[in-house]
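Asker: Order-wise, the sequence lines are chains A and B.
Note that the first sequence covers residues 4 to 569 in the numbering used here.
Note that the second sequence covers residues 84 to 210 in the numbering used here.
After the structure tokens below, expect a handful of questions from me.
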Amino acid sequence: MHNLIYLLLRRMRVPLIVVILAYAISILGLVLAPGIDDQGRPWHMSFFHAFYCVSYMGSTIGFGEIPYPFSDAQRMVVTVAMYVTVISWLYAIGTLFAVIQDPAFKRVLAYTTFTRAVRRLQEPFYLVCGLGDAGQLILRELTEDGIRCVGLDRNDQRIQTLRLENFPLAVPALTADVTDSSMLLAAGLQHPQCAGVLALTDVDHVNLNIAISCKLLAPELQVICRSETHDSEANMASFGTDYIINPFDTFAKGFAMLFKSPSMYLVYQLMTSLQESPLYEFAAPPRGTWILCGYGRFGKAVQKSLSFKGIQTVIVESDLAATGAPGEAIEGRGTEAFTLYEAGVEDAVGIIAGTDDDANNLSIIMTARDINPDLFTVARQNLRSNDAIYAAAEINMVMQSGVLIGRRIIDLLTNPLLSDFLRQATRQTEEWANVLVSRVVGIVADTPPETWILTVDSLQTPALCEAVEKGLEVRLGHLMTDPRETSEQLPCVPLYLMRANHDEQLVPDEATALQPGDRLLFCGRRHAETHMRWTTHNYHALYYICTGQDRPIGTLWRLFSGQSAG
Amino acid sequence: MNLEKVVFAFFIVLSLTLNFGFFIGELDNPDHHNVYELFAALVVSLIATIMKFGDRAHIGAVLLATSLVADLQLIAAVIVWTVSEHVTGTGLTPMVMSSIVSLSGGALLANIISVIILVTETVMFRR
């Protein structure tokens, strides 16, 4: 704020001095000019009358010769004074408007409003650097979950579009160079409520820069980075970046899992899907020879994962030397039919279009499908704005880095138990996954499932804690009972239980007795969570579910029914 | 020699000298205190204030503050003068005159502090 006032005052110095001088000269001239009063005696205007006269003259409010009609000498002074004061006022006001319109002044204004908004944040917030597809997705999801965010981006256009987005919570955002650590500090890096930093720009080096600034200036802060090369990934990991997300590796691992255990892949999909995205239409990819177009970072990651699973790939790449493609790779973009014929498209079972150009990727898919309509198609989508054409192309699987990164980070931030669950789940057999998937699908049908965490403590589940303290045994099955109709089950599946002493239990049994400090991960329909929270908050509802008795609430009724308090 | 510094010092010293010129004389005698001198002192004091705008150093802030005090005192003196002459019509009685002059005396003190700061800053300035 101080900066603004100083900047304004500095720029207004000369115009203000001009105004004061114009007034001083005009007033002095009026006082000195000889006049004649109504009795014809010589008269001089006092300073008070002169100031009054110049004030209404200078602001061109109106005119009148008071207290006596002016003499010619006075009229001469007034004529000059009119021009001098009006021009000086115009000059001053013009300068003021020019200062306010000045881009530098506007920048200072935006910066001041931004820092003030950040300083006033009272709740934990995340600092999001880089507001591309992933950043905007994260802002939307986090604010919908009631988590505050602060945004920084180098591109002014993105900040402007952010203002038009209707987020449920206000998101302070600033156009700034995110490699400048002073900007990170202004965005609340050392704010006591800052919960973490997300470095999501599409340049690895910039993300690296942000991560290192954070680790030096606020070492205890959680830092999540996007990285697209293994080189910078190793660099980020070397100084303790908490999570590094490589969209290509993440996709490639998931894709390879599809071949090994499709149900396990479906578990991943079900648990991590965003609220608005429809349930994934599942089609297991065929085993056989695959054509991989584009051997960049994406292509390399996919090829590596597939070769681990014993899947043959034929690589098509336009620049063999620069990408370091293996010797048997075929040169060409893959958008032309002859390159695809050369790669053996007639006998292949699937094609992966993984270049960094959306138009080329779509062209590869269309051309290949013309030749061999039975191909399983996988395409990389680089820009989210191409959603419509990708949807129209009816591709079996689309990989979109922004959404992939956004989804991973949202899960990490809003559902910390989920990654523990998935880590445990990956070690299970395909049959286990099969059973779980059919259980979840049976409950949620075709709507995407919700996941939520229930922590047994006096804050989140007061009734449950009270009951356990009073010696009542509350089992997991009790929580899953519909409080409105105890013979019914709530549509949810318990996925994971973590005890206070870090004992884990995957898909815990309904007979499991709950203890304070337990953390439970559920998956199911949205309304199941609401009812479950009601049971854990209302002691009488819980008591009824556990014992089947409707307990008298008041002391009087208790006396009548002869029951002791319990 | 820096012209900006010359103009700056000129206005600060001039506002002190004009103020002193108005203040000197018998406290309650209107003949010893010229209305033109008060007018000039106020105008120069206002200009000196604006010259100090936008200086973010600590010493600049103190200079601005003393200048604002001087303005306030002089404006109060002018208002007392105007009210007694034009509103109540009591004219420049010894009581009114002494209050005008003592108000300008306060402004004089503020201006002296301004000049002391200016001199101190100049002495401390090393090339």
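Note that the Cβ used here is the ideal one computed from N, Cα and C, for glycine as well.
Everything numeric in this text was worked out from a predicted model, so none of it was measured.
Measure the CB-CB distance between L12 of chain A and F136 of chain B and report whether it falls below 8 Å.
Answerer: In contact: L12 of chain A and F136 of chain B (Cβ atoms closer than 8 Å).
Asker: When Cβ atoms are compared, which residues of the segment 156 to 167 of chain B fall closer than 7 Å to chain A?
Answerer: Within the segment 156 to 167 of chain B, the residues whose Cβ lies closer than 7 Å to some Cβ of chain A are T165, listed in chain order.
Asker: To test your reading of the DSSP string, which unbroken alpha helix (DSSP H) runs of 4 or more residues are found completely within the segment 144 to 200 of chain A?
Answerer: Counting whole runs of 4 or more residues, the segment 144 to 200 of chain A contains the alpha helix (DSSP H) stretches 159 to 167, 184 to 189.
Asker: Are the C-beta atoms of H115 of chain B and some chain A residue less than 8 Å apart?
Answerer: No, H115 of chain B lies away from the interface with chain A (no Cβ there is under 8 Å from its Cβ).
Asker: Output the boundary residues of the beta strand (DSSP E) element that contains Q427 of chain A.
Answerer: Careful: Q427 of chain A lies outside any beta strand (DSSP E), inside the alpha helix (DSSP H) at 419 to 429.
Asker: Using a Cβ cut-off of 7 Å, pull out every chain A residue sitting near L129 of chain B, in sequence order please.
Answerer: What L129 of chain B touches in chain A: I23.
Asker: Who are E453 of chain A's beta bridge partners in DSSP?
Answerer: In DSSP, E453 of chain A forms a bridge with A:G527.
Asker: In chain order, which alpha helix (DSSP H) runs of at least 4 residues are fully inside the segment 430 to 514 of chain A?
Answerer: List check, alpha helix (DSSP H) in window: 433 to 447, 465 to 472, 479 to 482.
Asker: Whose CA, out of A:S266, A:P497, A:I90, lies closest to the CA of I456 of chain A?
Answerer: The residue with the shortest Cα to Cα distance from I456 of chain A is A:P497.
Asker: Is the beta carbon of L124 of chain A less than 8 Å from the beta carbon of G199 of chain A?
Answerer: Cβ atoms of L124 of chain A and G199 of chain A: not closer than 8 Å.
Asker: Assign G569 of chain A to one of three DSSP states: helix, strand, or coil.
Answerer: Only weak support is given to the placement of G569 of chain A: the predicted model assigns it a pLDDT of 44, under 50, and the value that follows is read from those uncertain coordinates. Three-state result, G569 of chain A: coil.
Asker: In this structure, does DSSP put E532 of chain A in helix, strand or coil?
Answerer: Helix at E532 of chain A.
Asker: What did DSSP end up calling I367 of chain A once you bin it into helix, strand or coil?
Answerer: I367 of chain A: helix per DSSP, three-state reduction.
Asker: Give the single residue among A:P288, A:F379, A:A544 whose Cα lies nearest to the Cα of A470 of chain A.
Answerer: Looking at the Cα atoms, A:A544 is the closest of the given residues.
Asker: In three-state DSSP terms, what is Q42 of chain A?
Answerer: Of the three classes helix, strand and coil, the one that applies to Q42 of chain A here is coil, per DSSP.
Asker: Under 9 Å, CB to CB, which of the residues in the segment 176 to 187 of chain B have a partner in chain A?
Answerer: Going along the segment 176 to 187 of chain B in chain order, one finds no residue with a Cβ nearer than 9 Å to chain A.
Asker: By alpha-carbon positions, which one of A:M15, A:G61, A:D75, A:I8 ends up nearest to I39 of chain A?
Answerer: The residue with the shortest Cα to Cα distance from I39 of chain A is A:D75.
Asker: According to DSSP, is F136 of chain B part of a helix, a strand, or is it coil?
Answerer: Coil, per DSSP.
Asker: Hey, is M134 of chain B's beta-carbon within less than 8 Å of any beta-carbon in chain A?
Answerer: Yes, because at least one Cβ of chain A sits closer than 8 Å to the Cβ of M134 of chain B.
Asker: Restricting to Cα atoms, I'd like to know which of A:A202, A:V21, A:L10 is closest to G135 of chain A.
Answerer: Among A:A202, A:V21, A:L10, the Cα nearest to that of G135 of chain A belongs to A:A202.
Asker: In this structure, does DSSP put R229 of chain A in helix, strand or coil?
Answerer: Reduced to three states, the DSSP call for R229 of chain A is strand.
Asker: When you compare the CB of F122 of chain B with every CB in chain A, is at least one pair closer than 8 Å?
Answerer: Answer yes: the Cβ-Cβ gap between F122 of chain B and chain A drops below 8 Å somewhere.
Asker: Grab the span of the alpha helix (DSSP H) containing F50 of chain A for me, first residue to last.
Answerer: Counting along the chain, the alpha helix (DSSP H) containing F50 of chain A begins and ends at 50 to 61.
Asker: Within 10 angstroms of the Cβ of T484 of chain A, are there 16 or more other Cβ atoms? Answer buried if so, exposed if not.
Answerer: T484 of chain A should be labelled buried.
Asker: Below 8 Å on the Cβ atoms is my contact criterion, and I expect A124 of chain B with L151 of chain B to pass it. Report the Cβ-Cβ distance as a whole number of Å.
Answerer: Going by Cβ atoms, the distance from A124 of chain B to L151 of chain B rounds to 15 Å, so no, they are not a contact pair.
Asker: Using three-state DSSP, classify Q278 of chain A as helix, strand or coil.
Answerer: Low confidence applies here, because Q278 of chain A scores a pLDDT of 48, under 50, leaving its location unreliable and the question unanswered by this model.
Asker: Can you tell which of A:V206, A:F311, A:F525, A:T232 has its C-alpha closest to the C-alpha of R157 of chain A?
Answerer: It is A:V206 whose Cα lies nearest to the Cα of R157 of chain A.
Asker: At which residue ranges does the segment 143 to 182 of chain B contain complete beta strand (DSSP E) runs of 3 or more residues, listed in the order of the chain?
Answerer: None, since the segment 143 to 182 of chain B contains no complete beta strand (DSSP E) of that length.
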